[in-house]
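Take a look at the structure below.
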Amino acid sequence: MTRIRLTAEAYRVPTDTPEGDGTLAWTSTTLVLVRAHADAHTGIGWTYAPAAAAALVADLFAPVVADLDPDDVPAAWSNMRRRLRNAGRPGVAGLALSAVDCALWDLKARRHALPLARLLGTARRDVPVYGSGGFTTYDDERQHRQLAGWVHEQGIPRVKIKIGESFGTEMGRDLARMEAARRTIGDDTELYVDANGAYQRKQAIRVAQAAAELDVRWYEEPVSSDDLAGLGLVRDRVVPDVAAGEYGFDLTYFHRMAPYVDCLQIDVTRCGGISEFLRAAAVADAAGLEVSGHCAPHQHLPVAAAVGNLRHLEWFHDHVRIESMLFDGAVPATGGVARVPLDRPGNGLEFRSDHAQQYRVA
Numbered sequence: 066m067t068r069i070r071l072t073a074e075a076y077r078v079p080t081d082t083p084e085g086d087g088t089l090a091w092t093s094t095t096l097v098l099v100r101a102h103a104d105a106h107t108g109i110g111w112t113y114a115p116a117a118a119a120a121l122v123a124d125l126f127a128p129v130v131a132d133l134d135p136d137d138v139p140a141a142w143s144n145m146r147r148r149l150r151n152a153g154r155p156g157v158a159g160l161a162l163s164a165v166d167c168a169l170w171d172l173k174a175r176r177h178a179l180p181l182a183r184l185l186g187t188a189r190r191d192v193p194v195y196g197s198g199g200f201t202t203y204d205d206e207r208q209h210r211q212l213a214g215w216v217h218e219q220g221i222p223r224v225k226i227k228i229g230e231s232f233g234t235e236m237g238r239d240l241a242r243m244e245a246a247r248r249t250i251g252d253d254t255e256l257y258v259d260a261n262g263a264y265q266r267k268q269a270i271r272v273a274q275a276a277a278e279l280d281v282r283w284y285e286e287p288v289s290s291d292d293l294a295g296l297g298l299v300r301d302r303v304v305p306d307v308a309a310g311e312y313g314f315d316l317t318y319f320h321r322m323a324p325y326v327d328c329l330q331i332d333v334t335r336c337g338g339i340s341e342f343l344r345a346a347a348v349a350d351a352a353g354l355e356v357s358g359h360c361a362p363h364q365h366l367p368v369a370a371a372v373g374n375l376r377h378l379e380w381f382h383d384h385v386r387i388e389s390m391l392f393d394g395a396v397p398a399t400g401g402v403a404r405v406p407l408d409r410p411g412n413g414l415e416f417r418s419d420h421a422q423q424y425r426v427a
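Under the numbering used here, read the sequence shown as residues 66 to 427, first letter to last.
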């Protein structure tokens, strides 16, 4: 009988320059890679998580999927979810679950010599993306160069910067950076901003009103994503679409949030993997909402292609850089879209183990 074997490793990659947003700063990012083996085939999935997530794969999940048919990904997902009853679904364990689920879907596609996007089915073959970065740690010149590169060199028609600096205490600089961003990108590019929950409710409204002439289209987490009533209050009083949802670990989270936002963000590396991403997108669709894929762009591409109510995918600077470094087969975003790999089995990527060893921490 074919058995499933899971392995996991963690890699900590320094950022190219210090990065920060309204409520957090960092100088490195950790990628946890899961391999799912069966027969002579190996599927890969990953999440951005503490290195401890790698240990949970062997401890919690490997025993409960080992004897399943590798094609029965829903059965594997259900076993893993039940295994988390006492460990807890949100948090590091949920991140590990997400990576394993993605690896199992990739394994299934490779065993059948199918592109993963073909296995899932496609609603589109080119996924719209938006350039994301504009960290609060950037000086004016660095922000300008990044935005100009996306818009004027790559042709990406929508870009996002971080605001809410120092927990919302630097509103003057937030507005100045938004104005500088608009000057860089011109009038025809959509400007998005992300406060990472740094503002208070009325403060978030005042910022949007002060920036009214800048035509901001997307206002991400203007207040804490835990403050659902606050999200709804801001949404009803500002012009930009209010978005949140990147911290969702289960369907209940998305169901509760849907009435308070204009667009639900889903992160396939947090929500429970491809299996749960598809269900969360259906929850959003039932509420009349579109969804946006949060970060980890190459892990999202196949499932983003499968979702009819997808608005776009976040082309996050830090993760694009890491995935381009560590995976052969990473694709560019040209003209505002990333093309879904349909000429290679699985997700179309191969992990560059030799190159990655210098960053391995677990």
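Using N, Cα and C, we set each Cβ at its ideal position, and we do this for glycine too.
Would you list, in sequence order, the uninterrupted beta strand (DSSP E) runs of no fewer than 3 residues that lie entirely inside the region 250-311? 255-259, 281-285 and 306-309
Residue span of the beta strand (DSSP E) that contains Trp91, given as start and end: The sequence position of residue 91 within the sequence shown is 26, counting from 1. Counting along the chain, the beta strand (DSSP E) containing Trp91 begins and ends at Ala90 to Ala103.
On the three-state DSSP scale, how would you describe Leu179? Translated into positions along the sequence shown, residue 179 becomes position 114. Residue state, collapsed to three classes: coil.
In chain order, what residues of the same chain have a beta carbon less than 6 Å from the beta carbon of Gln211, not counting five sequence neighbours either side? Along the sequence shown, one-based indexing puts residue 211 at 146. Within the same chain, Gln211 has close Cβ partners Gly198.
Express the C-alpha separation of Met322 and Ala101 in angstroms, rounding to a whole number. Counting from 1 along the sequence shown, the entry for residue 101 is found at position 36. Counting from 1 along the sequence shown, the entry for residue 322 is found at position 257. Near 33 Å, if we compare the C-alpha coordinates of Met322 and Ala101.
Does DSSP put Gly313 in a helix, in a strand, or in coil? The residue you call residue 313 lines up with position 248 of the sequence shown. If DSSP states are grouped into helix, strand and coil, Gly313 belongs with coil.
Scan the region 163-232 and note each continuous beta strand (DSSP E) run of 3 residues or more that stays entirely inside, going in chain order. 191-197 and 223-227
Anyone know if the C-beta pair for Arg376 and Val356 falls short of 8 Å? Counted from its first residue, the sequence shown places residue 376 at position 311. Counted from its first residue, the sequence shown places residue 356 at position 291. Contact: yes.
Could you give the DSSP three-state label for His420: helix, strand or coil? Here residue 420 refers to the residue found at position 355 when the sequence shown is read from its first residue. Helix.
Name the residue from Gln274, Asp301, Val333 and Leu298 whose alpha carbon lies nearest to the alpha carbon of Asp315. Position 250 of the sequence shown, counted from the start, is the residue given in the question as residue 315. Closest option to Asp315, Cα to Cα, is Val333.
Decide if Ser340 is buried, meaning its Cβ has at least 16 other Cβ atoms within 10 Å, or exposed. If you number the sequence shown from 1, residue 340 lands on position 275. So Ser340 ends up on the buried side.
Is the distance from the Cβ of Leu160 to the Cβ of Arg344 below 8 Å? On the sequence shown, residue 160 is found 95 positions in, with the first residue counted as 1. On the sequence shown, residue 344 is found 279 positions in, with the first residue counted as 1. No.
Are the region 220-235 and the region 85-94 in contact at 8 Å, needing three or more beta carbon pairs? yes
Would you tell me roughly how many angstroms separate the C-alpha atoms of Gly196 and Val372, rounded to the nearest one? Translated into positions along the sequence shown, residue 196 becomes position 131. Translated into positions along the sequence shown, residue 372 becomes position 307. Straight-line Cα distance between these residues: approximately 20 Å.
What does DSSP give as the partner residues of Trp380 in its beta bridges? As a working note, residue 380 is residue 315 in the sequence shown. In DSSP, Trp380 forms a bridge with Gly196.
Distance check for Phe342 and Gly297, CA to CA, integer angstroms please. Reading the sequence shown from its first residue, position 232 is the one you call residue 297. Reading the sequence shown from its first residue, position 277 is the one you call residue 342. Those two C-alpha atoms are separated by around 23 Å.
Going by alpha carbons, who is nearest to Ile250 out of Trp215, Tyr284 and Ala117? Counted from its first residue, the sequence shown places residue 250 at position 185. Residue Trp215 is the option with its Cα nearest to Ile250.
List the endpoints of the continuous beta strand (DSSP E) containing Glu355. Residue numbering aside, residue 355 sits at position 290 when the sequence shown is read from its first letter. That run of the beta strand (DSSP E) goes Glu355 to Gly358.
Please name the residue, chosen from Gln219, Ala90 and Leu149, that lies closest to Trp380 on a Cα-to-Cα basis. The residue you call residue 380 lines up with position 315 of the sequence shown. When each option's Cα is compared against that of Trp380, the closest is Gln219.
Through-space distance from Asp259 to Asp253, alpha-carbon basis: The residue you call residue 253 lines up with position 188 of the sequence shown. The residue you call residue 259 lines up with position 194 of the sequence shown. Distance between the alpha carbons of Asp253 and Asp259: 20 Å.
So which of Thr95, Ala309, Arg176 and Trp91 has the shortest CA-CA distance to Asp423? Numbered from 1 along the sequence shown, position 358 holds the residue referred to as residue 423. Before going on, a small fix: residue 423 reads as Gln here, not Asp. Among Thr95, Ala309, Arg176 and Trp91, the Cα nearest to that of Gln423 is on Thr95.
Does the region 108-116 come close enough to the region 166-179 to have 3 or more Cβ pairs within less than 8 Å? yes
Where does Ile387 sit, in a helix, a strand or coil, going by DSSP? Counting from one through the sequence shown, the residue named residue 387 turns up at place 322. Helix at Ile387.
Residue burial classification, Thr107 (beta-carbon count within 10 angstroms, cutoff 16): Taking the sequence shown and counting its residues from 1, the one referred to as residue 107 is at position 42. Result: buried.
How about Tyr318 and Val288: are their beta carbons less than 8 Å apart? In the sequence shown, the residue the question calls residue 318 occupies position 253. In the sequence shown, the residue the question calls residue 288 occupies position 223. Not closer than 8 Å, so no.
Where does Arg425 land, buried or exposed, given buried means 16+ other C-beta within 10 angstroms? Position 360 of the sequence shown holds residue 425. Arg425 comes out exposed.
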